[in-house]
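In our numbering, the protein residues as written are 13 to 533.
Ideal Cβ positions, reconstructed from N, Cα and C, are used throughout, including at glycine.
Worksheet: one structure, shown below.
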């Protein structure tokens, strides 16, 4: 048997070890627009055990899927670890999703329970109509009894904070994180206990995290980023987390200082929003020693950030599927934040052409990441053998992203995966938007691309061919999309065409549409 750092540790082991070491140390501080609550390691674990016992009483068994449809809140983290302790699998969803979008992952994941909050309840109830496996809805943050729900306080009121031993293995699934791909439906990334443990150790070492650090978390918890880079690394070293209910550009630096945070994780879009705020005397007094970030910013923005905020940056590369960050700028060597860094400890990377052959230095090619499925890279895609087989081959994960690597080993991001649009930190699959547009009776065909946006990375533009004898307007199609898609997936621009440029086998040549769009802007 081959042993790794994650061979004999589960999420329960990780949490209970820290509870035994530092029971009265603060683990989590939560700011809900000024309403503050906090949990020591012992208090947090006590809540986790009560929820775990309640899940068992409700009939939740090992391998059952539990949907977390919540904004940032302590209950999200409590249910995450409670599910892990009983062997259940969390399936977080975007709280911005309308019912039609939410029903797919709820149904596909075979979730039996949904956990939500009052302002999202109607959406969950509507989605539940298409999800026969959902047996119960637990309602958090409410004292009003609503038919068809179980109040969180009632759920745990009679439960013990002692939990019996349950047979959980590091190789067991702990989460299904749905991520948009290049097809019309998102894919469920299987994350094991070993995955969480491995990435927590690898990432915390790369940023030299210690028990004295405090993560500042403003990104949404349903994303892998907040789970991987913040909560799991903090737990790994016995650090703490300051969780905000939402990102606020106007309050960001003051909040970081107020909660004495030392490290944070961001995307380029919120960074640009921060730079867009008026200068404040407190801009350089956040106390943050490091900000991990992903997605390119310009050299001018990079310089302005470091001059104005005095918060050192570290650009990294990672995917939900890679677990950790296989590429990162080094903490103690040359840091080139216009690059995505160098290969990190525990990973191997290649850059290949369309035939899978290694390309020369400074030549663009697809990035491949080597790892152990279920430990250092994802276990696979839930109920999608074909997608798993095409993405993971002989221990190599095909990212679909185009990069180049120079003579010194620094990687540069060239282009994103085919048909993927990056909008304000969210992955938007063009196919998802196209599928909705094609539902409109006036639309004969649709093609969607990303166009440059100075704030949100990219805006979404749709090209439409009308069905014969039909007519519609840009405004009507945008309203149609708003009724069926999350706000960040709705096109900002619509252009009507007579025909699409196509290949000899009929595929739409989106690179030509992009060129035409660039000429018209």
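Bounds of the alpha helix (DSSP H) holding residue 97 are 86-98.
Residue ranges of uninterrupted alpha helix (DSSP H) with 4 or more members, entirely inside the stretch 248-290 and ordered along the chain, are 264-270, 280-287.
Residue 410 and residue 171 have their C-alpha atoms roughly 46 Å apart. Secondary structure at residue 104: strand, using DSSP grouped into helix, strand and coil. Here residue 235 is buried: its Cβ has 16 or more other Cβ atoms, across all protein chains shown, within 10 Å. CA-to-CA, the gap between residue 141 and residue 499 works out to about 22 Å. Unbroken alpha helix (DSSP H) stretches of 4 residues or longer found wholly inside the stretch 415-493: 442-449, given in chain order. The beta carbon of residue 233 sits closer than 6 Å to the beta carbons of 84, 88 from its chain, once the five residues preceding and following it are set aside; these are given in chain order.
Residue pairing by DSSP places residue 24 opposite no residue, since no beta bridge is assigned to it. Ranked by Cα distance from residue 208, the first of 238, 220, 466, 228 is 238. Rounded to the nearest whole angstrom, the CA to CA distance from residue 406 to residue 210 is 20 Å. Around the beta carbon of residue 198, 16 or more other beta carbons lie within 10 angstroms, which makes this residue buried. In the DSSP assignment, residue 326 falls within the unbroken beta strand (DSSP E) covering 325-329. Going by DSSP, residue 137 is part of the alpha helix (DSSP H) stretching over 130-140. Counting C-beta pairs closer than 8 Å gives three or more between the stretch 442-460 and the stretch 477-489, which meets the contact rule.
Take residue 448, set aside five residues on each side of it, and the residues of its chain with a beta-carbon closer than 7 Å to its own are 493, 496, 497, in chain order.
Ranked by Cα distance from residue 436, the options 464, 458, 427 are led by 464.
Distance from the CA atom of residue 157 to the CA atom of residue 133, rounded to whole angstroms, is 12 Å. For the pair residue 424 and residue 352, the CB atoms are nearer than the 8 Å cut-off.
In the same chain as residue 281, and ignoring 5 residues on each side of it, the C-beta atoms closer than 6 Å to its own belong to 436, 437, 468, 469, in chain order. For residue 177 and residue 362, the gap between their C-alpha atoms comes out near 43 Å. In the structure shown, residue 383 falls within a coil segment according to DSSP collapsed to helix, strand and coil. A straight line joining the alpha-carbon of residue 60 with that of residue 48 spans about 19 Å. Per the C-alpha coordinates, the member of 163, 262, 271 positioned closest to residue 227 is 271. Remark: three or more beta-carbon pairs, one from each stretch, lie closer than 8 Å, so the stretch 92-108 and the stretch 51-65 are flagged as touching. Within its own chain, the residues whose Cβ lies closer than 7 Å to the Cβ of residue 298, once the five positions on either side in sequence are excluded, are 265, 268, 269, 321, 323, listed in chain order.
Nearest in C-alpha terms to residue 366, of all of 414, 165, 295, is 414.
Following the DSSP letters along the chain, one finds residue 314 inside the alpha helix (DSSP H) bounded by residues 311-321. The three-state secondary structure of residue 169, taken from DSSP, is coil.
The DSSP-derived three-state label of residue 65 is helix.
With fewer than 16 other CB atoms across the displayed protein chains lying within 10 angstroms of its CB, residue 293 is exposed. In the three-state DSSP reduction, residue 240 falls in the helix class (H, G or I). The beta carbons of residue 78 and residue 136 sit no closer together than 8 Å.
For residue 354, DSSP records a beta bridge to 340. For residue 149, there is no enclosing alpha helix (DSSP H); the enclosing beta strand (DSSP E) covers residues 148-151. The beta-carbon separation of residue 225 and residue 205, rounded to 23 Å, does not stay under the 8 Å limit for a contact.
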